[in-house]
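Undergrad:
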Amino acid sequence: MNFTTFYFSGTGNTRWAVREFARIVGEKGHQAEQVSIDIQTSLTDVELRGMIAQADAIGFANPIYGGDIPPIMGAFISRVVGLVRPQKMAKSAYAINTYGYVNAFGPTEMQKLLAGSGLTLSAYVNIRLCNNVTSSKPLDRAKLAKRMVKDQKELERLVDCLMAGRKRIKGHGPQLLIGAMIRKKVPEAIAKFYQTLGVDGASCTRCMACVENCPTGSIRLTGNRFVFSSGCTACMRCYNFCPNGAITIDGVLTDPQKFPRYQGPEA
Ligand SMILES: Cc1cc2nc3c(=O)[nH]c(=O)nc-3n(C[C@H](O)[C@H](O)[C@H](O)COP(=O)(O)O)c2cc1C
206 MNFTTFYFSG
216 TGNTRWAVRE
226 FARIVGEKGH
236 QAEQVSIDIQ
246 TSLTDVELRG
256 MIAQADAIGF
266 ANPIYGGDIP
276 PIMGAFISRV
286 VGLVRPQKMA
296 KSAYAINTYG
306 YVNAFGPTEM
316 QKLLAGSGLT
326 LSAYVNIRLC
336 NNVTSSKPLD
346 RAKLAKRMVK
356 DQKELERLVD
366 CLMAGRKRIK
376 GHGPQLLIGA
386 MIRKKVPEAI
396 AKFYQTLGVD
406 GASCTRCMAC
416 VENCPTGSIR
426 LTGNRFVFSS
436 GCTACMRCYN
446 FCPNGAITID
456 GVLTDPQKFP
466 RYQGPEA
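The working numbering applies: residue 206 is where the sequence shown begins, and numbers increase by one.
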């Protein structure tokens with residue numbers, strides 16, 4: 206079988222899960238493609254349609270933001286639906302969601318987005334790693350390592366179900382209530398998040414890492430100023446990966462020693 210997973214990963218958790226999924230599929234003697242949906246991948250419609258046509262099952266992998274799908278992935282799924290609907294390609298789809306504490310509505314929303322496209326969500330898995338938003342606490346490595354072992358087992362179960370054609374829909378429960386509360390506030394905060402970002406002129410070396418790595422191409426250097434624009438999906442990559450810790454939030458520059466940046470589960 207051939208599995209193609211389209212993924213978005215702001216800071217590395219989801220990329221780790223997708224790589225693990227691909228490793229497990231490979232060990233079972235099948236094929237797994239991993240395709241980032243960052244703007245830098247710049248897939249044409251023809252390329253995208255071809256990838257979907259060749260796959261036996263299509264995966265969408267993303268972090269959960271505000272109990273929901275991040276805007277960058279929502280837009281990508283809508284694009285896929287627009288491409289496959291006229292072709293009447295009936296295929297199985299799967300979702301890999303990573304989250305920190307409340308997974309909530311990601312899969313439900315994905316089912317809604319895929320409705321009528323010919324892609325049917327047959328399996329999903331929620332992978333709990335850790336929260337990637339700003340924190341003053343050092344990362345609990347031991348806890349994360351334990352979760353990664355558990356997550357590998359979850360991903361193996363997902364692969365087995367997909368190969369056997371068994372439905373696997375798992376992971377809602379009582380979190381829906383908290384998720385509903387978060388969902389009221391977070392989308393608006395995400396949409397406005399770019400307005401809170403800035404660059405500390407004294408720490409910045411103009412290395413351009415933030416501009417080059419922004420998954421939505423929402424950071425530009427205009428003259429002497431960095432401009433953050435509204436396509437920002439609030440992934441925290443610029444903040445977490447600036448080599449000089451020069452990105453400010455609400456005008457505040459936090460010391461990377463005191464406020465460790467999160468750079469993925471394997472950093
Ligand atoms: C803007 C934003 C909103 C988030 N909202 C949630 C949330 O509602 N529930 C949750 O459990 N984690 C939330 N998180 C944490 C991420 O889902 C989690 O850390 C994820 O694994 C990050 O994946 P990545 O490293 O692939 O970007 C949020 C993170 C960000 C940046």
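Positions of the beta carbon are idealized from the N, C-alpha and C atoms, including for glycine.
If I measure Cβ to Cβ from residue 261 and keep anything under 6 Å in the same chain, skipping five residues before and after, which residues do I get?
TA: Excluding residues within five positions, the ones whose Cβ falls inside 6 Å are 206, 207.
Undergrad: Could you name each continuous beta strand (DSSP E) segment of 3 residues or more that falls completely within the segment 310 to 354, going from the start of the chain to the end?
TA: With a minimum length of 3 residues, the continuous beta strand (DSSP E) runs that stay inside the segment 310 to 354 are 324 to 333.
Undergrad: Report the residue ranges of all beta strand (DSSP E) runs contained in full by the segment 405 to 430; include only those spanning at least 3 residues, in chain order.
TA: 424 to 427, all fully within the segment 405 to 430.
Undergrad: Where do the N-terminal and C-terminal ends of the beta strand (DSSP E) with residue 457 fall, by residue?
TA: Premise fails: residue 457 is in no beta strand (DSSP E) and is neither H nor E.
Undergrad: Grouping DSSP H, G and I as helix and E and B as strand, with all else coil, what is residue 213?
TA: Correct three-state label for residue 213: coil.
Undergrad: Put residue 392 into one of helix, strand or coil per three-state DSSP.
TA: In the structure shown, residue 392 sits in a helix (DSSP, three-state: H, G or I).
Undergrad: Could you check how far apart the C-beta atoms of residue 360 and residue 229 are, in whole angstroms? I think they sit under 8 Å.
TA: Yes, they are in contact, since the Cβ atoms of residue 360 and residue 229 sit about 6 Å apart, within 8 Å.
Undergrad: Would you list, in sequence order, the uninterrupted beta strand (DSSP E) runs of no fewer than 3 residues that lie entirely inside the segment 244 to 278?
TA: If we require 3 residues or more, the beta strand (DSSP E) runs fully inside the segment 244 to 278 come out as 262 to 268.
Undergrad: According to DSSP, what are the bridge partners of residue 238?
TA: Looking at the DSSP assignment, residue 238 forms a beta bridge with 209.
Undergrad: Evaluate contact between the segment 381 to 396 and the segment 404 to 422, counting only Cβ atoms and requiring at least three cross-stretch pairs below 8 Å.
TA: Verdict: no, contact absent.
Undergrad: Report yes if the C-beta of residue 318 is less than 7 Å from at least one heavy atom of ligand 1; otherwise report no.
TA: Residue 318 Cβ: outside cutoff for every heavy atom of ligand 1.
Undergrad: Would residue 337 and residue 441 be called neighbours here (beta carbons separated by less than 8 Å)?
TA: It is a contact, given that the beta carbons lie within the stated cut-off.
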